[in-house]
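Structure first, then comments.
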Amino acid sequence: MFKKMTGAICGLMAGAMVLGGVINAPFIAEASEGEEVTLRFLGWKTGKEEGALPEIIKGFEKENPGVKIEYEAIPTTNNYNDVLNTRLSTGEGSDIYMVSDSMLRSCVKNGYAEDLSDIDFAGEYQDNVKKLLSPDGKFSAIPIEEAGIGMIVNMDVLRAAGVETLPQTWSQLTDACEKVKENGGTPFIMGNKTGWSGAIIMCYGKYTEFMEYDNDIYTKVLNGEKTMGDMYGKYFEKYSELIEKGYTNGQESLGMEFNEGAVTEFVKGNSAFLMAGTWMIGEVSEALGGAETVFTAFPINDEEPLVAQCSLSTALAVNSESEHKDLAIKFLQYFNDNENLKLYVESQNAFSPLIGGTSMSLPEAEPFAESLAANNVTVGCEIPQEFTVDEWTFVTKAAQSLTLQEVTPEELNEQFNAEFDKAMMLQGN
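If you count by mature numbering (1 follows the signal peptide of the UniProt record, and there is no 0), then the sequence shown holds residues -31 to -1, 1 to 398, one letter each, in order.
Here it is in C-alpha coordinates:
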(Lines of atoms letter the chains of each structure in order from A and count residues from 1; the text may use other names and numbers.)
(Lines give C-alpha, C1' and ligand atoms only; values in the text may rest on other atoms or scores of the structure.)
Protein backbone atom coordinates (compact mmCIF):
# COMPACT_ATOMS: atom_id res chain seq x y z
CA MET A 1 0.00 0.00 0.00
CA PHE A 2 2.84 2.18 0.22
CA LYS A 3 4.59 3.84 -2.45
CA LYS A 4 7.21 6.45 -2.96
CA MET A 5 8.02 10.64 -3.71
CA THR A 6 10.65 14.70 -3.94
CA GLY A 7 11.89 18.10 -5.79
CA ALA A 8 12.68 21.95 -6.21
CA ILE A 9 13.98 24.17 -9.05
CA CYS A 10 13.72 27.40 -10.67
CA GLY A 11 15.96 28.34 -13.55
CA LEU A 12 17.96 31.04 -15.25
CA MET A 13 17.86 34.56 -13.88
CA ALA A 14 19.98 37.23 -15.50
CA GLY A 15 21.97 34.48 -17.20
CA ALA A 16 22.82 32.60 -13.99
CA MET A 17 21.14 29.36 -12.93
CA VAL A 18 19.51 29.63 -9.53
CA LEU A 19 18.07 26.41 -8.10
CA GLY A 20 14.92 26.81 -6.02
CA GLY A 21 14.21 30.37 -7.14
CA VAL A 22 10.87 31.98 -8.03
CA ILE A 23 10.30 33.08 -11.58
CA ASN A 24 9.89 36.70 -12.58
CA ALA A 25 8.64 36.04 -16.08
CA PRO A 26 6.73 33.13 -17.59
CA PHE A 27 8.22 30.78 -20.15
CA ILE A 28 6.65 31.86 -23.44
CA ALA A 29 5.40 29.30 -25.94
CA GLU A 30 2.37 29.89 -28.10
CA ALA A 31 0.67 28.43 -31.12
CA SER A 32 1.07 30.59 -34.21
CA GLU A 33 -1.97 32.68 -35.12
CA GLY A 34 -4.59 30.49 -36.73
CA GLU A 35 -2.61 27.33 -35.98
CA GLU A 36 -4.27 24.43 -34.17
CA VAL A 37 -1.93 22.41 -31.96
CA THR A 38 -2.88 19.23 -30.11
CA LEU A 39 -0.80 18.14 -27.13
CA ARG A 40 -1.17 14.47 -26.30
CA PHE A 41 -1.12 13.67 -22.58
CA LEU A 42 -0.89 10.08 -21.29
CA GLY A 43 -1.76 9.29 -17.69
CA TRP A 44 -3.18 6.65 -15.37
CA LYS A 45 -5.89 8.72 -13.67
CA THR A 46 -9.30 7.50 -14.78
CA GLY A 47 -12.89 8.41 -13.87
CA LYS A 48 -13.18 9.97 -10.42
CA GLU A 49 -9.41 9.62 -9.98
CA GLU A 50 -8.95 12.43 -12.51
CA GLY A 51 -10.19 14.88 -9.89
CA ALA A 52 -9.41 18.44 -11.01
CA LEU A 53 -7.32 17.33 -13.99
CA PRO A 54 -10.02 18.16 -16.61
CA GLU A 55 -10.52 21.59 -15.02
CA ILE A 56 -6.79 22.35 -15.17
CA ILE A 57 -6.62 21.22 -18.79
CA LYS A 58 -9.56 23.46 -19.71
CA GLY A 59 -7.95 26.39 -17.92
CA PHE A 60 -4.74 25.95 -19.90
CA GLU A 61 -6.63 25.68 -23.18
CA LYS A 62 -8.53 28.88 -22.37
CA GLU A 63 -5.29 30.77 -21.72
CA ASN A 64 -3.73 29.36 -24.88
CA PRO A 65 -6.15 29.71 -27.84
CA GLY A 66 -5.46 27.21 -30.58
CA VAL A 67 -3.99 24.65 -28.18
CA LYS A 68 -5.92 21.47 -27.39
CA ILE A 69 -4.85 18.86 -24.84
CA GLU A 70 -5.93 15.33 -25.61
CA TYR A 71 -5.79 13.30 -22.39
CA GLU A 72 -5.68 9.51 -22.60
CA ALA A 73 -6.02 7.42 -19.45
CA ILE A 74 -4.67 3.91 -19.08
CA PRO A 75 -5.04 2.47 -15.56
CA THR A 76 -1.89 1.12 -13.90
CA THR A 77 -3.73 -2.20 -13.67
CA ASN A 78 -3.78 -2.27 -17.49
CA ASN A 79 0.02 -2.27 -17.85
CA TYR A 80 0.43 1.50 -18.06
CA ASN A 81 4.22 1.28 -17.77
CA ASP A 82 4.47 -1.23 -20.63
CA VAL A 83 2.28 0.93 -22.87
CA LEU A 84 4.30 4.04 -22.00
CA ASN A 85 7.66 2.43 -22.76
CA THR A 86 6.45 0.77 -25.95
CA ARG A 87 5.10 4.02 -27.34
CA LEU A 88 8.17 6.03 -26.38
CA SER A 89 10.53 3.44 -27.87
CA THR A 90 8.63 3.36 -31.17
CA GLY A 91 8.36 7.13 -31.54
CA GLU A 92 4.64 7.13 -30.73
CA GLY A 93 4.93 8.63 -27.27
CA SER A 94 2.68 11.40 -25.99
CA ASP A 95 4.01 14.94 -25.55
CA ILE A 96 3.36 14.81 -21.80
CA TYR A 97 3.13 11.71 -19.64
CA MET A 98 2.64 10.70 -16.02
CA VAL A 99 5.45 8.84 -14.25
CA SER A 100 6.42 7.48 -10.87
CA ASP A 101 10.03 7.93 -9.77
CA SER A 102 10.91 4.36 -10.80
CA MET A 103 9.32 4.84 -14.23
CA LEU A 104 11.25 8.07 -14.66
CA ARG A 105 14.59 6.37 -14.06
CA SER A 106 13.92 4.09 -17.02
CA CYS A 107 12.71 6.97 -19.21
CA VAL A 108 15.79 9.06 -18.43
CA LYS A 109 18.14 6.12 -19.02
CA ASN A 110 16.61 5.61 -22.48
CA GLY A 111 16.58 9.31 -23.35
CA TYR A 112 12.78 9.71 -23.38
CA ALA A 113 12.48 12.51 -20.78
CA GLU A 114 13.28 16.15 -21.53
CA ASP A 115 15.80 17.85 -19.23
CA LEU A 116 13.86 20.51 -17.27
CA SER A 117 16.81 21.79 -15.23
CA ASP A 118 16.95 25.18 -16.96
CA ILE A 119 13.19 25.80 -16.97
CA ASP A 120 11.70 28.43 -14.66
CA PHE A 121 8.98 27.02 -12.42
CA ALA A 122 6.90 29.25 -10.16
CA GLY A 123 7.06 27.00 -7.13
CA GLU A 124 10.00 25.76 -5.10
CA TYR A 125 9.96 21.99 -4.78
CA GLN A 126 10.93 20.11 -1.65
CA ASP A 127 14.64 19.31 -1.83
CA ASN A 128 14.37 15.54 -1.58
CA VAL A 129 11.57 15.38 -4.14
CA LYS A 130 13.72 17.22 -6.64
CA LYS A 131 16.62 14.85 -6.04
CA LEU A 132 14.31 11.87 -6.54
CA LEU A 133 13.26 13.26 -9.92
CA SER A 134 16.84 13.96 -11.03
CA PRO A 135 18.11 10.38 -11.52
CA ASP A 136 21.08 11.47 -13.64
CA GLY A 137 21.55 14.81 -11.91
CA LYS A 138 19.15 16.58 -14.28
CA PHE A 139 15.64 17.56 -13.20
CA SER A 140 13.41 15.53 -15.52
CA ALA A 141 9.81 15.64 -14.22
CA ILE A 142 7.66 17.88 -12.03
CA PRO A 143 6.02 16.30 -8.97
CA ILE A 144 2.29 16.98 -8.67
CA GLU A 145 1.21 14.99 -5.60
CA GLU A 146 2.54 13.11 -2.60
CA ALA A 147 1.03 10.53 -0.26
CA GLY A 148 2.13 10.31 3.35
CA ILE A 149 2.67 7.82 6.16
CA GLY A 150 2.19 8.86 9.77
CA MET A 151 -0.27 8.39 12.60
CA ILE A 152 -3.89 9.30 13.15
CA VAL A 153 -4.41 10.76 16.62
CA ASN A 154 -7.63 10.82 18.64
CA MET A 155 -7.17 14.15 20.43
CA ASP A 156 -10.15 13.48 22.70
CA VAL A 157 -8.38 10.44 24.16
CA LEU A 158 -5.17 12.42 24.62
CA ARG A 159 -6.90 15.32 26.38
CA ALA A 160 -8.82 12.95 28.65
CA ALA A 161 -5.43 11.65 29.76
CA GLY A 162 -4.12 15.17 30.40
CA VAL A 163 -2.12 15.55 27.16
CA GLU A 164 -3.00 18.82 25.43
CA THR A 165 -0.54 18.91 22.52
CA LEU A 166 0.69 16.55 19.83
CA PRO A 167 3.97 14.82 20.72
CA GLN A 168 6.91 16.15 18.70
CA THR A 169 9.68 13.85 19.98
CA TRP A 170 10.05 10.23 21.08
CA SER A 171 10.11 11.12 24.79
CA GLN A 172 6.96 13.21 24.41
CA LEU A 173 5.32 10.27 22.63
CA THR A 174 6.19 7.75 25.33
CA ASP A 175 5.10 10.22 28.05
CA ALA A 176 1.74 10.55 26.29
CA CYS A 177 1.47 6.77 25.98
CA GLU A 178 2.06 6.34 29.71
CA LYS A 179 -0.66 8.86 30.57
CA VAL A 180 -3.17 7.24 28.20
CA LYS A 181 -2.38 3.82 29.69
CA GLU A 182 -2.78 5.15 33.24
CA ASN A 183 -6.15 6.59 32.19
CA GLY A 184 -7.37 3.15 31.12
CA GLY A 185 -6.80 3.47 27.38
CA THR A 186 -4.64 1.64 24.87
CA PRO A 187 -2.10 4.15 23.52
CA PHE A 188 -1.46 2.43 20.16
CA ILE A 189 -3.61 0.17 18.04
CA MET A 190 -1.40 -1.82 15.67
CA GLY A 191 -2.26 -4.06 12.75
CA ASN A 192 0.55 -6.61 12.54
CA LYS A 193 -1.03 -9.55 10.75
CA THR A 194 1.52 -8.80 8.03
CA GLY A 195 3.84 -6.88 10.37
CA TRP A 196 2.84 -3.58 8.72
CA SER A 197 2.36 -1.27 11.71
CA GLY A 198 5.53 -2.27 13.51
CA ALA A 199 7.57 -2.25 10.30
CA ILE A 200 6.32 1.23 9.43
CA ILE A 201 7.53 2.55 12.79
CA MET A 202 10.99 1.02 12.36
CA CYS A 203 11.29 2.13 8.75
CA TYR A 204 10.15 5.62 9.77
CA GLY A 205 13.22 5.83 11.96
CA LYS A 206 15.57 4.79 9.19
CA TYR A 207 13.94 7.11 6.66
CA THR A 208 14.13 10.15 8.92
CA GLU A 209 17.66 9.51 10.21
CA PHE A 210 18.98 9.13 6.67
CA MET A 211 16.45 11.56 5.24
CA GLU A 212 18.43 13.04 2.35
CA TYR A 213 17.78 11.20 -0.89
CA ASP A 214 21.49 11.30 -1.77
CA ASN A 215 22.59 9.90 1.61
CA ASP A 216 25.21 7.16 1.07
CA ILE A 217 24.28 4.82 3.94
CA TYR A 218 23.46 1.94 1.57
CA THR A 219 26.78 2.34 -0.24
CA LYS A 220 28.54 2.21 3.13
CA VAL A 221 26.69 -1.00 4.00
CA LEU A 222 27.74 -2.50 0.67
CA ASN A 223 31.35 -1.44 1.30
CA GLY A 224 31.36 -2.90 4.80
CA GLU A 225 31.71 0.47 6.53
CA LYS A 226 28.23 0.13 8.09
CA THR A 227 25.84 -2.74 8.82
CA MET A 228 22.11 -3.30 8.55
CA GLY A 229 22.08 -3.16 12.35
CA ASP A 230 23.54 0.34 12.17
CA MET A 231 20.54 1.39 10.09
CA TYR A 232 17.79 -0.32 12.07
CA GLY A 233 19.15 -1.21 15.52
CA LYS A 234 17.94 1.79 17.51
CA TYR A 235 14.49 1.54 15.91
CA PHE A 236 14.18 -2.15 16.79
CA GLU A 237 14.82 -0.94 20.36
CA LYS A 238 12.21 1.82 20.21
CA TYR A 239 9.50 -0.47 18.85
CA SER A 240 10.43 -3.04 21.49
CA GLU A 241 10.00 -0.34 24.15
CA LEU A 242 6.40 0.25 23.04
CA ILE A 243 5.69 -3.47 23.30
CA GLU A 244 7.43 -4.08 26.64
CA LYS A 245 5.72 -1.12 28.34
CA GLY A 246 2.28 -2.23 27.20
CA TYR A 247 1.70 0.79 24.96
CA THR A 248 0.15 -1.26 22.12
CA ASN A 249 -2.53 -3.88 21.67
CA GLY A 250 0.33 -6.39 21.74
CA GLN A 251 -0.23 -9.89 20.43
CA GLU A 252 -3.82 -9.07 19.51
CA SER A 253 -2.35 -6.96 16.71
CA LEU A 254 -1.00 -10.12 15.05
CA GLY A 255 -4.55 -11.04 14.06
CA MET A 256 -5.38 -7.60 12.64
CA GLU A 257 -4.79 -6.08 9.21
CA PHE A 258 -3.59 -2.49 9.58
CA ASN A 259 -6.35 -1.12 7.34
CA GLU A 260 -9.19 -3.34 8.55
CA GLY A 261 -9.14 -4.93 12.00
CA ALA A 262 -6.88 -2.26 13.47
CA VAL A 263 -9.16 0.48 12.16
CA THR A 264 -12.23 -1.27 13.58
CA GLU A 265 -10.56 -1.43 16.99
CA PHE A 266 -9.27 2.16 16.87
CA VAL A 267 -12.64 3.72 16.05
CA LYS A 268 -14.10 2.29 19.25
CA GLY A 269 -12.64 5.47 20.73
CA ASN A 270 -10.45 4.12 23.53
CA SER A 271 -7.06 4.54 21.84
CA ALA A 272 -4.89 7.55 21.02
CA PHE A 273 -2.73 6.50 18.06
CA LEU A 274 -3.09 4.51 14.83
CA MET A 275 -0.29 4.09 12.28
CA ALA A 276 -1.84 4.98 8.94
CA GLY A 277 -1.47 6.29 5.42
CA THR A 278 -3.12 9.43 4.10
CA TRP A 279 -5.63 7.33 2.19
CA MET A 280 -7.10 6.20 5.55
CA ILE A 281 -7.77 9.64 7.08
CA GLY A 282 -11.28 10.23 5.78
CA GLU A 283 -12.57 6.77 6.61
CA VAL A 284 -11.21 6.79 10.17
CA SER A 285 -12.33 10.34 10.95
CA GLU A 286 -15.84 9.63 9.71
CA ALA A 287 -16.06 6.41 11.73
CA LEU A 288 -15.00 8.24 14.91
CA GLY A 289 -17.94 10.60 14.55
CA GLY A 290 -17.56 13.73 16.64
CA ALA A 291 -14.10 12.93 18.02
CA GLU A 292 -11.35 15.36 17.05
CA THR A 293 -8.75 13.55 14.95
CA VAL A 294 -5.54 14.71 13.31
CA PHE A 295 -2.95 13.13 11.04
CA THR A 296 0.66 13.89 11.90
CA ALA A 297 4.20 12.72 11.21
CA PHE A 298 5.41 9.99 13.57
CA PRO A 299 7.73 11.38 16.31
CA ILE A 300 10.41 8.69 16.15
CA ASN A 301 13.32 11.10 16.71
CA ASP A 302 14.70 12.40 19.99
CA GLU A 303 14.70 16.02 18.83
CA GLU A 304 12.45 18.29 16.81
CA PRO A 305 11.42 18.99 14.10
CA LEU A 306 8.97 16.31 13.07
CA VAL A 307 9.93 14.82 9.71
CA ALA A 308 7.15 13.59 7.43
CA GLN A 309 7.63 10.40 5.44
CA CYS A 310 6.18 10.63 1.95
CA SER A 311 6.09 8.80 -1.31
CA LEU A 312 5.81 10.50 -4.66
CA SER A 313 2.48 9.50 -6.17
CA THR A 314 2.62 11.22 -9.55
CA ALA A 315 4.97 13.36 -11.63
CA LEU A 316 4.73 14.81 -15.15
CA ALA A 317 7.47 14.48 -17.78
CA VAL A 318 7.87 15.88 -21.29
CA ASN A 319 8.76 13.59 -24.19
CA SER A 320 12.22 14.58 -25.40
CA GLU A 321 11.11 13.72 -28.96
CA SER A 322 7.94 15.82 -28.84
CA GLU A 323 7.40 18.23 -31.74
CA HIS A 324 5.72 20.61 -29.27
CA LYS A 325 8.18 20.59 -26.36
CA ASP A 326 7.80 24.32 -25.68
CA LEU A 327 4.04 24.06 -25.30
CA ALA A 328 4.33 20.86 -23.26
CA ILE A 329 6.73 22.61 -20.87
CA LYS A 330 4.39 25.57 -20.71
CA PHE A 331 1.62 23.21 -19.57
CA LEU A 332 3.88 21.90 -16.80
CA GLN A 333 4.55 25.49 -15.72
CA TYR A 334 0.81 26.16 -15.67
CA PHE A 335 0.19 23.01 -13.61
CA ASN A 336 2.98 24.02 -11.22
CA ASP A 337 1.28 27.30 -10.29
CA ASN A 338 0.31 27.03 -6.62
CA GLU A 339 -3.39 27.70 -7.24
CA ASN A 340 -3.62 25.01 -9.91
CA LEU A 341 -1.57 22.54 -7.89
CA LYS A 342 -3.72 23.30 -4.84
CA LEU A 343 -6.83 22.55 -6.89
CA TYR A 344 -5.35 19.26 -8.02
CA VAL A 345 -3.99 17.94 -4.69
CA GLU A 346 -7.23 18.78 -2.91
CA SER A 347 -9.12 16.75 -5.51
CA GLN A 348 -6.76 13.82 -4.83
CA ASN A 349 -6.72 14.09 -1.01
CA ALA A 350 -2.96 14.39 -1.46
CA PHE A 351 -0.13 16.69 -0.42
CA SER A 352 1.64 19.40 -2.38
CA PRO A 353 5.33 18.87 -3.24
CA LEU A 354 5.91 22.64 -3.10
CA ILE A 355 7.67 24.25 -0.15
CA GLY A 356 4.90 26.38 1.36
CA GLY A 357 2.37 24.74 -0.95
CA THR A 358 -1.27 24.16 -0.02
CA SER A 359 -2.21 20.52 0.43
CA MET A 360 -5.43 18.55 0.84
CA SER A 361 -8.30 20.45 2.40
CA LEU A 362 -8.94 17.86 5.12
CA PRO A 363 -8.37 19.79 8.37
CA GLU A 364 -7.23 16.57 10.05
CA ALA A 365 -4.12 16.57 7.85
CA GLU A 366 -2.90 20.07 8.75
CA PRO A 367 -0.08 18.98 11.13
CA PHE A 368 1.36 16.65 8.49
CA ALA A 369 0.99 19.27 5.77
CA GLU A 370 2.86 21.78 7.95
CA SER A 371 5.89 19.46 8.01
CA LEU A 372 5.81 19.24 4.21
CA ALA A 373 5.40 22.98 3.75
CA ALA A 374 8.45 23.53 5.99
CA ASN A 375 10.51 21.13 3.82
CA ASN A 376 10.80 18.65 6.71
CA VAL A 377 10.10 15.65 4.51
CA THR A 378 11.83 12.46 3.43
CA VAL A 379 11.14 9.99 0.64
CA GLY A 380 13.95 7.72 1.79
CA CYS A 381 17.43 7.57 0.33
CA GLU A 382 18.61 6.12 -2.94
CA ILE A 383 19.24 2.38 -2.92
CA PRO A 384 22.04 1.15 -5.23
CA GLN A 385 21.12 -1.57 -7.72
CA GLU A 386 23.75 -3.83 -6.13
CA PHE A 387 21.75 -3.90 -2.90
CA THR A 388 19.52 -6.98 -3.20
CA VAL A 389 18.41 -7.63 0.39
CA ASP A 390 14.63 -7.78 0.84
CA GLU A 391 14.50 -5.25 3.69
CA TRP A 392 10.73 -4.96 3.92
CA THR A 393 10.11 -8.67 4.40
CA PHE A 394 12.78 -8.89 7.11
CA VAL A 395 11.47 -5.85 8.98
CA THR A 396 7.84 -7.02 8.87
CA LYS A 397 8.90 -10.36 10.35
CA ALA A 398 11.03 -8.50 12.90
CA ALA A 399 7.96 -6.52 13.97
CA GLN A 400 6.02 -9.73 14.53
CA SER A 401 8.89 -11.33 16.48
CA LEU A 402 9.29 -8.26 18.70
CA THR A 403 5.53 -8.17 19.27
CA LEU A 404 5.70 -11.78 20.49
CA GLN A 405 8.74 -10.81 22.60
CA GLU A 406 10.51 -13.92 21.34
CA VAL A 407 13.64 -12.09 20.20
CA THR A 408 15.69 -9.11 21.40
CA PRO A 409 16.67 -6.08 19.29
CA GLU A 410 20.32 -7.16 19.60
CA GLU A 411 19.50 -10.61 18.21
CA LEU A 412 17.61 -9.01 15.34
CA ASN A 413 20.65 -6.91 14.48
CA GLU A 414 22.76 -10.06 14.21
CA GLN A 415 20.10 -11.80 12.10
CA PHE A 416 19.79 -8.83 9.74
CA ASN A 417 23.55 -8.61 9.28
CA ALA A 418 23.65 -12.35 8.53
CA GLU A 419 20.78 -11.95 6.04
CA PHE A 420 22.76 -9.24 4.26
CA ASP A 421 25.93 -11.35 4.15
CA LYS A 422 23.96 -14.28 2.74
CA ALA A 423 22.43 -12.12 -0.01
CA MET A 424 25.83 -10.75 -0.96
CA MET A 425 27.30 -14.27 -1.13
CA LEU A 426 24.50 -15.42 -3.41
CA GLN A 427 25.22 -12.41 -5.59
CA GLY A 428 28.88 -13.40 -5.76
CA ASN A 429 30.25 -10.50 -3.69
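Each residue gets a CB set at the ideal place from its N, CA and C atoms; glycine is no exception.
Note that this is a predicted model, so its numbers are computed, not measured.
Nearest to Met394 by C-alpha distance, out of Thr377, Ala367, Thr357 and Thr362, is Thr357.
Within a 10 Å sphere around the beta-carbon of Ser58 sit fewer than 16 other beta-carbons, which makes this residue exposed. In this structure, the CA atom of Tyr187 is about 6 Å from the CA atom of Ile352.
Here Ile26 has Phe10, Ile38 and Tyr40 as same chain residues with Cβ atoms under 8 Å from its own Cβ, once five neighbours each way along the sequence are excluded. Using a 10 angstroms sphere on the CB of Ala284, the tally of other CB atoms reaches 16 or more, which defines it as buried. Closest option to Met72, judged by alpha-carbon separation, among Ser103, Ile88 and Pro336: Ser103. A contact between stretches requires three or more CB pairs, one per stretch, nearer than 8 Å, and the region 147 to 161 fails this requirement with the region 313 to 329. With contacts defined by Cβ atoms closer than 8 Å, Gly80 and Ser289 form a contacting pair.
In this structure, Asp89 is the residue among Asp144, Asp89 and Lys162 with its C-alpha nearest to the C-alpha of Leu301. Between Ile269 and Ile170, the C-beta gap is smaller than 8 Å, which places the two residues in contact. Residue environment: Thr265 is assigned as buried (16 or more neighbouring CB atoms within 10 Å of its CB, all protein chains considered). Between Gly167 and Tyr216, the beta carbon gap of about 12 Å keeps them out of contact (Cβ cut-off 8 Å). Gln137 is positioned such that its CB atom lies closer than 8 Å to that of Leu275. It is roughly 44 Å from the alpha-carbon of Ala343 to the alpha-carbon of Glu4. Pairing Pro44 with Tyr182, the inter-Cα distance amounts to about 28 Å. Annotation: the continuous alpha helix (DSSP H) that includes Met200 extends over Met197 to Glu213. DSSP places Phe227 in the coil class of the three-state scheme, outside both helix and strand. In this structure, the beta-carbon distance from Val287 to Glu93 does not fall below 8 Å. Leaving aside the five residues that flank Met244 on each side, the residues in its chain whose CB is nearer than 6 Å to its CB run, in chain order, Met120, Ser166 and Ile169. For Ile118, the enclosing beta strand (DSSP E) begins and ends at Ile111 to Asn123. Cβ neighbours of Ala277 within its own chain (closer than 7 Å, five residues either side excluded): Gly117, Gly119, Ala266, Phe337, Ser340, Leu341, Asn345 and Val346. Following the DSSP letters along the chain, one finds Gly397 in no alpha helix (DSSP H), marked with neither H nor E. In the DSSP assignment, Ser291 falls outside any alpha helix (DSSP H) and carries neither an H nor an E. For Pro34, there is no enclosing beta strand (DSSP E), as DSSP marks it with neither H nor E.
Around the beta carbon of Glu234, a 10 Å sphere encloses 16 or more other beta carbons of the protein chains shown; the residue is thus reported as buried.
Burial state of Gly198 is buried, judged by a 10 Å Cβ sphere holding 16 or more other Cβ atoms. In the displayed model, Leu8 falls within a strand according to three-state DSSP.
Glu41 carries a strand assignment under DSSP once its states are collapsed to helix, strand and coil. With a cutoff of 8 Å on beta-carbon distance, Val253 and Val232 are scored as near each other.
In the three-state reduction of the DSSP assignment, Met393 falls in the helix class, which pools H, G and I. In this structure, Met225 sits near Gly160, with a CB-CB distance shorter than 8 Å. Contact between Gly238 and Ala260 holds: their C-beta atoms lie close to 6 Å from each other, under 8 Å. Per DSSP, Cys172 is one residue of the alpha helix (DSSP H) stretching across Trp165 to Glu178.
The region 253 to 285 contains no complete alpha helix (DSSP H) run of 4 or more residues.
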